[in-house]
Amino acid sequence: MNICKNRRLLLFFIVILITATLCITASADESSDDVLSGDSDPLVTLSYVDKVIKELKEEILRQSGGNTIVSGSSAYADISIESGKMLLLGVDCELIYRGGGAVIITTSTQKGDGVTDMSMGAELFSGKSLEYGHVYYSSNSDAKKYLLITGEKAYFTIRGSYEIG
Numbered sequence: 001m002n003i004c005k006n007r008r009l010l011l012f013f014i015v016i017l018i019t020a021t022l023c024i025t026a027s028a029d030e031s032s033d034d035v036l037s038g039d040s041d042p043l044v045t046l047s048y049v050d051k052v053i054k055e056l057k058e059e060i061l062r063q064s065g066g067n068t069i070v071s072g073s074s075a076y077a078d079i080s081i082e083s084g085k086m087l088l089l090g091v092d093c094e095l096i097y098r099g100g101g102a103v104i105i106t107t108s109t110q111k112g113d114g115v116t117d118m119s120m121g122a123e124l125f126s127g128k129s130l131e132y133g134h135v136y137y138s139s140n141s142d143a144k145k146y147l148l149i150t151g152e153k154a155y156f157t158i159r160g161s162y163e164i165g
């Protein structure tokens with residue numbers, strides 16, 4: 001009789017242990033699903049991370065005067081460029097010259113391949129200095145258009161695509 005009582009007691013504890021284990025496992029599964037699917041979900045998409053990294057990189061380079069900035073924004077941005085660097089104007093780049101020293105360099109002298117001075121209504125080619133307060137536009141052509149910084153620094157308000165190098 002004593003052996004039967006011990007077996008029943010052992011069986012009772014085994015059933016309790018299995019039941020407790022199942023309850024804890026089920027509870028842990030439910031709570032982990034709530035955390036991962038809620039507002040505090042730690043997972044993000046790769047495209048979101050790439051977008052944020054690109055924006056941060058452009059901002060850091062813009063503020064530090066880094067070697068390369070590529071922008072395609074429709075909003076104007078104020079930039080300054082140090083002596084000896086070049087500003088490569090992308091297609092449909094528009095800028096306002098705010099001072100310093102800068103000279104236009106173009107890879108072609110054909111009509112339509114220069115930099116348009118919108119303030120004067122003239123097309124400019126290599127060797128022409130920029131005028132303070134004038135608005136310049138880089139049209140859609142195959143010719144490369146650069147601004148060589150000749151002063152200590154040059155200041156621009158710019159929008160569209162460009163590269164500093």
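Residue numbers for the sequence shown follow this note's numbering, beginning at 1 and rising by one.
Beta carbons are placed, not taken as given, at the ideal position from N, Cα and C, and that holds for glycine.
State the start and end residues of the unbroken beta strand (DSSP E) segment that holds residue i.
i             : result
threonine 150 : 145 to 164
glutamate 123 : 122 to 124
leucine 130   : First-last for leucine 130: undefined, no H or E at that position.
With DSSP as the reference, please indicate the residues paired to residue i in a beta bridge.
i              : result
isoleucine 105 : Tyr146
tyrosine 137   : Glu94, Thr116
glycine 99     : Tyr155
leucine 88     : Tyr146, Glu163
isoleucine 81  : Ala154
Between the Cα of residue i and those of the options, spot the shortest distance and give me the residue it belongs to.
i              : options                        : result
serine 74      : Met86, Ile81, Lys85, Gly90     : Gly90
alanine 143    : Val103, Arg98, Gly114          : Gly114
lysine 153     : Phe13, Ile96, Ser83, Gly160    : Ser83
glycine 127    : Thr106, Ser119, Lys111         : Thr106
asparagine 166 : Leu87, Asp92, Glu55            : Lying before the first or after the last residue shown, residue 166 is absent from the chain, which here runs from 1 to 165.
tyrosine 137   : Ile96, Gln110, Ile149          : Ile96
threonine 116  : Tyr132, Ala102, Glu94          : Glu94
glycine 151    : Lys57, Leu17, Val103           : Val103
leucine 88     : Phe13, Ile158, Leu10           : Ile158
lysine 145     : Gly133, Ile164, His134, Glu131 : Ile164
valine 135     : Thr19, Thr21, Ser47, Tyr76     : Tyr76
What's the C-alpha gap between residue i and residue j?
i             : j              : result
tyrosine 155  : aspartate 78   : 7 Å
serine 80     : glycine 112    : 27 Å
glycine 100   : threonine 109  : 25 Å
alanine 122   : leucine 147    : 17 Å
cysteine 23   : leucine 9      : 21 Å
asparagine 6  : threonine 45   : 58 Å
arginine 98   : leucine 43     : 45 Å
leucine 130   : valine 52      : 35 Å
glutamate 58  : methionine 120 : 32 Å
leucine 56    : threonine 25   : 42 Å
methionine 86 : tyrosine 162   : 10 Å
leucine 17    : leucine 11     : 10 Å
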